[in-house]
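Asker: Take 1 as the starting number for the sequence shown in the UniProt record's numbering and just add one per residue.
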Amino acid sequence: FQEEEHTSLKINKRPSKIILYSEAGFGGQKREIWNDVPDATSWELASTVSIQVIRGGWLMYEKPRFHGRKCVLAEGNVEISNPWRMYCKEESEREDAPFRIGSLKRVVQDFRLPEITFFAEENGEGKKQRFTDSAEDLRTCGQPLKAASIIVHSGLLLKQGSPVVETPAEPKALIFERPHFQGRSWEVNRDIYNLRKPENNQDSVMSTAGSLKIMGGCWVGYEKEGFRGHQYLLEEGEYCDWTDWAGYNEELLSLRLIRTDFVDPAIVLFEAMDFEDGPSVELSEALPNVELASYGIITQSIHVLNGVWVAYEGKNFSGEQYILEKGVYRNCEDWGANSCQISSVQPVLQVGERSLFFISKIQLFPEPDFLGNSMTFKEDQATLPENFIPHSCRVNGGSWILYDGHHFDGEQHILSEGEYPTLSSMGCAFTPAICSLKKIPIFFSEPSIFLHGLECFEGKEIELNSEVRSLKAEGFNNHVLSVRVKGGIWVLCEHSDFRGRQWVLECTEITNWLTYSGVQHIGSLYPIKQRRVYFRIKNQELKSFLSVPDDVEDMKAGRVLVSEISDQNSCIWYYEEGLIKNHVAPNMSLQVIGAAAKGTKVVLWSESRMPRQTWRIDSSGRICSQMFEDKVLDVKAAESDAFQSTDYCTIRRGIKTVFKKKNVISLLFSQQDSQNATSVAANRVRNAPTDMELMTSMMQKIASLERKVKSQAQAIQEKNKKIRELEEQIKALQKRTEKTSSGATRVEDLETLCLQLQRQVWEMELFLNDYGLIWVGEDPDSLRDLESQEEEESLTSKTFWKPGEAIISETPINFDLIFKNLKDLNVLAGEGVSQIKHTTGGARLKRLDSVPITFYQNGIVMFKGPFRSYEEPSTKHCLRDIMDGFFPSELQSRYPSGVPFQVTDKRDVFFQERKLPGYFPGFGQAVGRSKPSGIKETNEISAGPKLTMEQFLNKLPKSLIRDGQVIDIREDLKKTLQGLDGAQSHEVVLVETPSLIALRKRLEGKQKTEGPGTNISTLRIKSEDGEKTYIVKMSFTETIGDLRQHLAQNRGEALQPYEILSTFPLQVYNNDAVSLEECGLVPNAFLLLRKKLSPTKAGGE
């Protein structure tokens, strides 16, 4: 043989596994084999063994070290008797002699599509014949195929399946620090976000994963932390180093567990992005080349309808791989790709998915997060070990009831399939211990329950078929005194949202709920959901099974019959939403054709047929019609007692009178997988497809088309939704355009407001100057800190607000929510409730005053104004508080206990503000003059008249009553302005300095256009006794010593020593050599003079 060199395309290798049973029927000792076995002669086997090939292809050799005759084992289940007997020349070999296996070897390393070429001449020359699949006849023109040389391009010509997972509900992985399972190890059963970051019981970090053992579940490995980078599918098996998982390098830093259901895989590939119109293809099985389905290699969006899929960039499942779980992928970045190339796809299947052996299993752990030595149970446990206290659990099959008492007594806690890492997630946060547990039995009936208001099913009746999180929230009265469960298994909870005590009810009738539960109400309830269960329907007397015929014509006619058990799926049924379906026809179900009379035929018909005919299976195994309550499924009696394959199923009347044991059809759960009874020969070749296989393929295509229509309908709905969103955006843009036209007017109004505020500030400064006061502002350092903080937080600074600047997040205004919350706030504030108000002569009732608020199209008006636009930050704050269900924060200081609102809705009216002109444009005309005056427009603001002290005092109220005393405001303020005890106002002294003299010269020189010197500081200094204020103008560069000299010229040298200090911040200036600029006394400052303290007194302070 000559083997072709590997192509540059990446090969995605998979682990191999085979399970060997020492006896027939998949019994006896079980061995799991992952790697080559050079010598297996020591194994004790029966004459017939059972082999289950999970992954890959294997060769079984007659002798050790891979010598002697060999037998090929493909994926699947098979029972083999001694295959070497036919080659044995000795006739003394017994038929029941033990089976002997010399060695086992894996042969499938390349999982691409197999390809082999036969050449008529040596060295790959001459006429060639290429094969990519099994061939029943290699003859050409009636002559056997002759080959002088062979080239194996890829794979091995064995039956290969898709990736599989055996125990998806029992995840477990072992990570080793170095290759070949060396170094430290770490056992995990959850997602690992970053292998280099310690988590939980991880002793230390790992630089990467050197080798892996996946013992349970299906995992995805990622090259980088955070589930990013190259993706690697990790099936159950052993990976000695990074080449075994087809890595690009040694890096593997994060692991993720696949928790999706693997049943009924289906996927739709779209060539266009975001499921837009264009070519698409729906698949339900592996496809090695998408071009075989008349579809291109460009895929820009994917919709995984069911199961887990693996997409590959290359053909034959090669190249970069991407793991796709159930959901929507709108572009290639959603599945972690940089390109849109998808050339092949295949699903991940579950081993024994359609097994007839249903297992309920629960795994309890003594520590949270599934840590510690666990205990697994498959049957009811009346008492758990005393020293074992569960703190987390996994439910791997069915549903279970946990009791806090022994022998199924005490409070009940119901757990469905899933993971529960803590007691709180199990609903047992306040339970001292779990003492016993029981599994919930399998049921076959549609959920239905009746709640009655009186005992014995009297009074009001509530019929429910699905979960209800809160009876009161759904408008029902939760007062219940009797309960009747007609179908399914229900969980009734004491409080809403499935909280409080729980009770599990099967089909039963409870005449007095108070006696049964101790309460008179039910807060919430839900039916137990059961996974799909596969079964066979067997007649107890005839020992035959209900199945569908192999003949296509009979299949088209919808006939069903009873026959002997076979290895095909035609006799495997399952129960789904009240319908009984066959595995080979998932879109058809058992239905009654004709009048509902005795002996009416039952056929297999489309499930869309109306009326919808459902079934239930009672505890004795009888299949009862839910449409015709007094009829059951039975077998038409034959003319003789001999078995006839033409016995058809009918529906009979009267369970109690006509029902006979001879014609009972009951359920039988096989103790072994349906596939286990299939005997596969070691040298089996592929047969031509049967009519049943063709019919199954047709049914699958019909189901695929139905799913495609459904997905396209969903895509149309999503597009319509997107169109509506775009229309709303267009309307919003149009409104913004309309508002832009009024933007210029808004700017003019703001300019007018700015001028008004500037004038008010100027008047305030003049007023302060009249009384010897000056506004010194804030500390420049604090202002700079405030500005930097504002820049970091992106808040508006202490400047005028400009259009477009907003500090409020753009939250859409929900007027319906605002009006609803205002009603609730009015109720809280006591709207319409009269309160007692004490008066002089007694008391009277008075209602709370309400705050009027009017909503316009462009803003609101609260109280009597002013108008507030929706774009203003204060309006956004106010409306957001109301939408959050709170009183507006701007009213809390005024109304700390809340206040009702008087709401007026004028949202159809656009509020127009009256514009007051700031000036009169054009030329004016004076009264009494014949010629127009030359009055010109100006924006200059003239100073108002100066107020005297008496005029200022007359503007104030004469007196004020405070705490029962009359206070004369004018007199007290007059004393303050004039000085204490009626003293005259202190004297203001202007100190002559060189800077002041220079300033006067500039003014005398009529240099008024030039402003005052920018380097002159104005200091206001109050004397020690407060009777004098010195105004000193000095240059920035002059020192404290110069200031003392200027003061000495006006005060005289005979005064006592003094200190110069500022009030805020409190600081004493003793260094005469420091300039005013260095002391921060520029451009103006207010200082005090204080007598200099003696050294002793200063030390005491």
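Heads up, the beta-carbon is just placed ideally off N, CA and C, and yes, glycines get one too.
Among Phe911, Ile440 and Cys435, which one has its Cα closest to the Cα of Gly398?
Answerer: Ile440
Asker: My output table needs one value for Ser343: the three-state DSSP class, helix, strand or coil.
Answerer: coil
Asker: In the structure shown, what three-state DSSP assignment does Cys332 receive?
Answerer: helix
Asker: Is the beta carbon of Ile175 less than 9 Å from the beta carbon of Ala120?
Answerer: The Cβ atoms of Ile175 and Ala120 lie no closer than 9 Å to each other.
Asker: Is it right to say Glu1038 is buried, meaning 16 or more other beta carbons lie within 10 angstroms of its own, or is it exposed?
Answerer: buried
Asker: Please state whether the Cβ-Cβ distance between Leu525 and Val560 is less than 9 Å.
Answerer: No, Cβ-Cβ distance for Leu525 and Val560 is not below 9 Å.
Asker: Put His1046 into one of helix, strand or coil per three-state DSSP.
Answerer: helix
Asker: Please classify Ile258: does DSSP put it in a helix, a strand, or coil?
Answerer: coil
Asker: So Thr117 is in the beta strand (DSSP E); what residue range does that whole segment cover?
Answerer: Glu115 to Glu121 is the span of the beta strand (DSSP E), which, as asked, contains Thr117.
Asker: Within the 9 Å Cβ cut-off, does Arg178 reach chain D?
Answerer: The structure shown contains no chain D; it holds only a single protein chain.
Asker: Can you look up Met949 in the DSSP assignment and give me helix, strand or coil?
Answerer: Residue state for Met949 is assigned as helix, using DSSP reduced to three classes.
Asker: Does the beta-carbon of Val308 have 16 or more other beta-carbons within 10 angstroms, so that it is buried, or is it exposed?
Answerer: buried
Asker: Check Cys456 in the structure and name its three-state DSSP category.
Answerer: helix
Asker: Sorted by chain position, which residues of the same chain lie with C-beta nearer than 7 Å to Phe476's C-beta, five sequence neighbours on each side aside?
Answerer: These residues qualify, in order along the chain: Ile462.
Asker: Quick one: grab the DSSP three-state call for Ala1085.
Answerer: Correct three-state label for Ala1085: strand.
Asker: Output the boundary residues of the alpha helix (DSSP H) element that contains Pro873.
Answerer: Here the alpha helix (DSSP H) through Pro873 covers Pro873 to Met883.
Asker: Quick check on this structure: which residue in Ile359, Ile389 and Asp334 has the alpha carbon closest to the alpha carbon of Phe365?
Answerer: When each option's Cα is compared against that of Phe365, the closest is Ile389.
Asker: Taking three-plus beta-carbon pairs below 8 Å as touching, is the stretch 853 to 871 in contact with the stretch 900 to 913?
Answerer: yes
Asker: Shortest alpha-carbon distance to Leu292 belongs to which of Glu282, Gln300 and Ser301?
Answerer: Considering only alpha carbons, the answer is Glu282.
Asker: In angstroms, rounded to a whole number, what distance separates the CA positions of Pro198 and Pro179?
Answerer: 21 Å
Asker: Which residue wins for smallest C-alpha separation from Pro812, given the options Leu848, Lys820, Lys581 and Glu871?
Answerer: Glu871
Asker: Excluding sequence positions up to five away, which residues of its chain have a Cβ less than 6 Å from the Cβ of Ser445?
Answerer: Gly487, Gly488 and Arg616
Asker: Sort Arg394, Met375 and Val395 by Cα distance to Asn387 and report the nearest one.
Answerer: Met375
Asker: Please classify Val562 as buried or exposed, where buried requires at least 16 neighbouring CB atoms within 10 angstroms.
Answerer: Val562 should be labelled buried.
Asker: Taking buried to mean at least 16 other C-beta atoms within 10 Å of its own C-beta, is Asp981 buried or exposed?
Answerer: With a pLDDT of only 43 at Asp981, under the threshold of 50, the placement of this residue in the model should not be trusted; the figure read from the coordinates follows. Label assigned to Asp981: exposed.
Asker: Starting from Cys493, trace the alpha helix (DSSP H) both ways and give me its first and last residue.
Answerer: Unbroken run through Cys493 is the beta strand (DSSP E), Trp490 to His495; no alpha helix (DSSP H).
Asker: What is the rounded straight-line gap between the Cα of Arg228 and the Cα of Val351?
Answerer: 29 Å
Asker: Output the boundary residues of the alpha helix (DSSP H) element that contains Phe819.
Answerer: Phe815 to Ala829
Asker: Whose CA, out of Ser339, Pro15, Val290 and Arg880, lies closest to the CA of Gly57?
Answerer: Pro15
Asker: Taking just the CA atoms, how far does Leu822 sit from residue 1128?
Answerer: With the chain covering 1 to 1101 only, the question about residue 1128 has no answer from this structure.
Asker: Closest to Ser392 by CA distance: which of Glu367, Arg190 and Asp409 is it?
Answerer: Glu367
Asker: Taking Cβ positions, are Gly237 and Lys17 nearer each other than 9 Å?
Answerer: yes
Asker: Since Tyr312 and Ser344 are thought to touch, with beta carbons under 8 Å apart, how far apart are those beta carbons, to the nearest angstrom?
Answerer: 5 Å
Asker: Given that a residue counts as buried once 16 or more other Cβ atoms are within 10 Å of its Cβ, and exposed if not, what is Lys735?
Answerer: The residue is exposed, with fewer than 16 neighbouring Cβ atoms inside 10 Å.
Asker: For Phe317 versus Asn12, is the C-beta spacing smaller than 9 Å?
Answerer: yes
Asker: Got a sec? Which residues, its chain only, sit under 6 Å from Val188 by beta carbon, not counting five neighbours each side?
Answerer: So the list reads Ala173, once near-sequence residues are dropped.
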